[in-house]
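Reading through the structure tokens given below for one structure.
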Amino acid sequence: MSLNALLLLVQAATQSPRLAALKQEAVLDVASRAQFTQQMVDQIFSFGELGFQETETSRYLIDLLRKNGFTVREGIAGIPTAWVATWGSGKPVISLGSDIDDIPQASQKPGVACHAAMIEGAPGHGEGHNSGQAVNITAALAIKKIMEREHLPGTLQLWPGVAEELVGTKAYYVRDGLFSGVDIVLFTHVDDNLATSWGDVAGNGLVSVLFSFQGRSAHAAGAPWRGRSALDAVELMDIGWNFRREHLRLQQRSHYVIPNGGDQPNVVPPTASVWYYLRELDYPHIQEMYALADTMARAAAMMTSTTLLPERILGSAWPGHFNRVVAEDMYENIKQVGLPQWSDADQRLAKALQRELGVPDSGLALKLDTLRPALKPNERTGGGSDDIGDVSWNVPTVTLRFPSNIPGLPGHNWANAISMATPIAHKGATAGAKVMAMTMLDFLMRPELVTGAWDYFRNVQTKDVKYQPLIRPQDRPAIELNRDVMARFRPQMRRFYYDPTKYRTYLEQLGITYPTERAADGSCAGAATP
Ligand SMILES: [Zn+2]
């Protein structure tokens, strides 16, 4: 054995207790910040902002990070609500991300186990994206404190997933070079267990495309023969797609909405548009689907003597692939942290909601998920998408899922907002922050882990598959989306912004008894707007 190798061995042996002690310290530090974590979770819940319109959320987070010594660059990648915060210097560069946008029409009172909107029709955190930044920031501050005292080299980078529900930004972050020089990305996402995985995700990638048609208006009764209906083109395209979907691969998912179907029935619609999410397992299949949709759009224009306008790509996502080395290390930390201690009140809320939705009332998770190994190709049956996929094909990445929500919910729904400003969300976020902090320490203090992660990334993950963006060079982030809806609801929502200087929790501010179950007379007790 060479002297060098011997030294390394001695170093590893002496470093290990030091690392264990620092991890222990970080876990205690995160626990001591529980109220700070809770305030972030509740504050962002109360802002309830849709994708690309996260102005209050981003303002709040930017101020908070600057106050804590981070340098923040705003408006990155041409997206007004996007930013990147950095602290520290040198290698490794550890990047932490989590989404911040919410869901249309998902307004819901927290802690109430039946449908009770805060504001009828308003957006709300019916995905739980109000909790992830709290996980990341709590962990980052605990680690920053240790790095300062121990003089550990390394750079921390934090950023928000803006407009994730529109898969609208992360491919642009990649294109803008946000991840050049980054060593690993630790992404966090709300779930109902504390978990991570590696390999290809079960879900799909996608391209989000707006097809717009130009026709000619005319009096719909007086001279219909002089009109050419753009709405007809939209409908014929949709009919064509719906017939054809029977003959598509089972792994695909595709769906659409009609954001513009004309103005009023007596005017032949001169303009109309249909917005598709086209989802498949990999880049070639996504592009194949897009080409098919494009053919149908052109055919629909021919059938109706209308014109297909230039197609707009409003969003995109590569199917994710997560790093084995990072996931395996993170899972060791998950096992040490374990699930939160749920109270009777937490379990009562969860079970009441599960009964409300007609799913088994198993309550909150009591057993940790296992570390899911890579899926085999035949186990990939398709599903949702997340543009963290684009990041995962550029830097070794994993997603930490943390238990701030209730099992058995439909997703993208008011029900998914119920736990998100309650002790369930708060405890789940603290558990997540502990795992994040421990994993950050591993990668700061064990350079061989960074090397191993890149070895997997270069020699396994990207050996045969190379990243090519689904966005085209001419595409720009669709930052105008949701502007009108948010402008309509924001004045009413402002009355319910959380004020942590006056109230310990958001539940306290709203005067909600925790948990509130459906009343004996069957009414949803919390239904009236406060
Ligand atoms: Zn999400």
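Here numbering that gives the first Met the number 0 is used: the first residue of the sequence shown is 0, the next is one more, and so on.
C-beta: ideal position from N, C-alpha, C; glycine also.
Predicted model only: the values in this text are computed from it and were never measured.
Check, Outcome
"Asn135 - partner residues in DSSP beta bridges", "In DSSP, Asn135 forms no bridge with anything."
"Near ligand 1: Glu163 beta-carbon under 7 Å from a heavy atom", "yes"
"Sequence-distant residues of its chain with Cβ nearer than 8 Å to Tyr513 (five each side left out)", "Gly110, Ala344, Leu348, Thr421, Pro422, Leu506"
"Residues bridged to His128 [DSSP beta-bridge criterion]", "Looking at the DSSP assignment, His128 forms no beta bridge with any residue, so it has no partner."
"Nearest-angstrom Cβ-Cβ length linking Ser57 and Trp82, presumed shorter than 8 Å", "6 Å"
"C-alpha gap between Thr528 and Phe212, whole angstroms", "Since pLDDT at Thr528 reaches only 49, below the 50 mark, its modelled position is unreliable, and the value read off the structure follows with that caveat. Taking the straight line joining both Cα atoms gives about 41 Å."
"Cβ neighbour criterion (16 or more within 10 Å) applied to Arg323", "buried"
"When Tyr466, Gln346, Arg17, Leu440 are compared against Asp191, the one with the closest alpha-carbon", "Gln346"
"Counted within 10 angstroms of its Cβ, other Cβ atoms place Arg503 as buried (16 or more) or exposed", "exposed"
"Uninterrupted alpha helix (DSSP H) stretches inside the stretch 438-474 (no shorter than 4 residues)", "446-455"
"Cβ pair count under 8 Å reaching 3, the stretch 155-173 against the stretch 96-113", "yes"
"For Asp483, the nearest candidate out of Ser31, Asp100, Ser15, Gln52 (CA to CA)", "Gln52"
"Helix, strand or coil at Thr306 [DSSP, three-state]", "strand"
"With 16 other Cβ atoms within 10 Å as the buried cut-off, status of Glu479", "exposed"
"Lys169 versus Glu447 - alpha carbon distance", "28 Å"
"Where the alpha helix (DSSP H) containing Glu507 begins and where it ends", "505-509"
"Sheet register partners of Phe401 (DSSP bridge)", "Val189"
"For His531, the three-state DSSP class (helix, strand or coil)", "This structure does not reach residue 531, given that the chain is present from 0 up to 529, and the question cannot be answered."
"Beta-carbon spacing of Ser253, Tyr276 below 8 Å", "yes"
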